[in-house]
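Inspection log for the structure reproduced underneath, given as C-alpha cells.
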Amino acid sequence: MTILDGKLLSENIKSELAAEVDQIRSRGGKIPHLAAVLIGENPASQVYVQSKIRSCEQVGFKSTLIQKDADTSEAELLEIVHQLNEDPDVDGFIVQLPLPKHIDEERITLAIDHRKDVDGFHPVNFGRMAQGLPAYLPATPFGIVEILRRYNIETAGKHCVVVGRSNIVGTPISILLSRKGYPGDCTVTLTHSRTRDLPGEVRRADIVVAAIGIPEFIKGDWVKEGAVVIDVGINRVPDATKKSGSRLAGDVAFDEVAPRSSHITPVPGGVGLMTVAALMVNTLKACKKEIYP
Ligand code: GUN
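The numbering used here puts the first residue of the sequence shown at 234, with every later residue one more than the last.
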C-alpha cells in the first residue's frame, strides 16, 4: 500500500512555482497577485485563507487579504468584487465560502470576472472545463488529478466511483475523470445521498473519490482489494486522547480501508494541501494570461 503524499507533492509544486516567479522577477515581469476576500469569523475559513496567503508568500506571489465583518451586506461585497474585477494589478481572486446566510453565494460567484476566477467556480469556467476547453479548474479536482498524474496511477478504462455530488468537488471530478486523455478515460459513477446500495457501488470501484463530508463514512468492507482511494474529507471529530480534544478525520475510515487499498491519501496530508497548491498554479496562469489571452 502506497500513501499518496499530498504534503510532498504540494511542496514540489510550490518549488516549481517559486522557480518560475524567480525567472519572472529576473526579467522584470509582473509578479502574480492573488486577492482573497473573507467575510465573517468562520474558524475553518480563517485557517484556509491564512494558508492561501502563506502559500503566496512561500512561492513569491503578492497577496491581498480583504477581511470584513459577518454583517457586511451583499451590496458591499458586490462592490468589493467589482473593484477586484477592475484592479489591473490583481491577477486572480477568491471569495472564501461559505458566506453568511444573508448573502447569495450564486450572485457573488456570477459577479466575479471569469478571467480572474482562479477558484474555477464561475459557470463559464465550469462549462469550459466540462467541454475540455482551457479553463481554471476548481482547486480540489485539480489537486486530485495532480495526485493521480504525479504518482503515475493508471486511469484509462478504470471504474471510478465518486461519492458526493457537490459543485466544487464531486460533480467536476466526475467530469474530469470521464474525459478523454490522462488522467481520465475512466468509467465514472457519481453517487449521492439518494444512491441505492452505496456500499455495493463503492465495491465496484478501481478508484474511489470520497467527497461527502461525513467523517469515516467509507468502511473497510466497502472497498475492493487493490483500489486507489482519494479522501477529500476534512472533518473535525472529538478525540479525548488529544490535548485539543479533537482531531481531523477524512470521509474514509482510514485504518480499515488503508490495508485493502493499493494507494490512499491520508487526512491530513493528502488532498487538502494540494488544493492550496492548485490555487497557486491557477494564479500563475492568470498572471500569464494562459487561459484567457
Ligand atoms: N470553501 C471551501 N473550499 C473552498 C475553495 O476552494 N474556495 C473558496 N473560495 N471557498 C471554499
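Ideal Cβ placement from N, Cα and C applies to all residues, glycine included.
Rounded Cβ spacing between residue i and residue j (contact assumed at less than 8 Å)
i	j	result
I377	I345	Actually they do not touch by this definition, with Cβ atoms about 23 Å apart.
Y369	Q329	In fact, because the Cβ distance is near 16 Å, the residues do not count as touching under 8 Å.
P265	T516	5 Å
K301	V323	The pair is not a contact, with the Cβ atoms about 17 Å apart (cut-off 8 Å).
T420	I401	Incorrect: roughly 23 Å between the Cβ atoms, too far for contact.
P448	G466	7 Å
V462	I497	4 Å
W455	V435	4 Å
L242	I380	6 Å
D439	C393	7 Å
A519	S495	36 Å between Cβ atoms; not a contact.
V395	A444	7 Å
V500	G483	3 Å
I336	E307	5 Å
G403	G239	Contact doesn't hold; Cβ gap of about 19 Å is too wide.
G293	D320	With 8 Å as the limit, G293 and D320 do not qualify as a contact, their Cβ atoms being about 20 Å apart.
I286	L298	6 Å
S288	K247	7 Å
I272	T305	5 Å
R211	P331	Residue 211 lies beyond the stretch modelled for the chain, which goes from 234 to 526, so this question has no answer here.
P333	F354	Not a contact, Cβ separation roughly 18 Å.
Closer than 7 Å: residue i CB and nearest the ligand GUN heavy atom
i	result
Q283	no
Q329	yes
T305	no
H401	According to the sequence provided, residue 401 is Ile. The question's His does not apply to it. Under cutoff, so the answer is yes.
D454	no
T404	no
D350	no
T508	yes
A444	no
A372	yes
First and last residue of the uninterrupted alpha helix (DSSP H) at residue i
i	result
K285	276-292
N515	504-520
F359	356-363
P333	Premise fails: P333 is in no alpha helix (DSSP H) and is neither H nor E.
L271	Where L271 is concerned, there is no enclosing alpha helix (DSSP H), although the beta strand (DSSP E) it sits in stretches over 266-272.
I341	338-344
V314	307-319
V500	V500 -> no alpha helix (DSSP H), and no H or E assigned at all.
A433	First, the residue type needs correcting, since residue 433 is Gly and not Ala in the sequence shown. Note, G433: alpha helix (DSSP H), 431-436.
D350	Looking at the DSSP string, D350 is not in any alpha helix (DSSP H), and its letter there is neither H nor E.
E489	487-490
Residue interval of the beta strand (DSSP E) (run including residue i)
i	result
D464	461-464
N400	Looking at the DSSP string, N400 is not in any beta strand (DSSP E), and its letter there is neither H nor E.
K295	295-301
T373	Not the beta strand (DSSP E): T373 falls in the alpha helix (DSSP H), residues 372-383.
G325	325-328
L481	479-482
T422	420-424
I440	440-443
R258	Segment 239-259 is the alpha helix (DSSP H) holding R258; no beta strand (DSSP E) there.
R469	468-471
CB contact below 8 Å: residue i versus chain D
i	result
L370	No chain D is present in this structure, which holds just one protein chain.
request  = Pair every Cβ in the stretch 500-519 with every Cβ in the stretch 254-270, then say whether three or more of these pairs are closer than 8 Å.
outcome  = The answer is yes - the stretch 254-270 touches the stretch 500-519, with three or more Cβ pairs under 8 Å.
query = Are the stretch 482-489 and the stretch 411-425 touching, with three or more C-beta to C-beta distances below 8 Å?
reply = no
query = Are the stretch 355-367 and the stretch 383-399 touching, with three or more C-beta to C-beta distances below 8 Å?
reply = no
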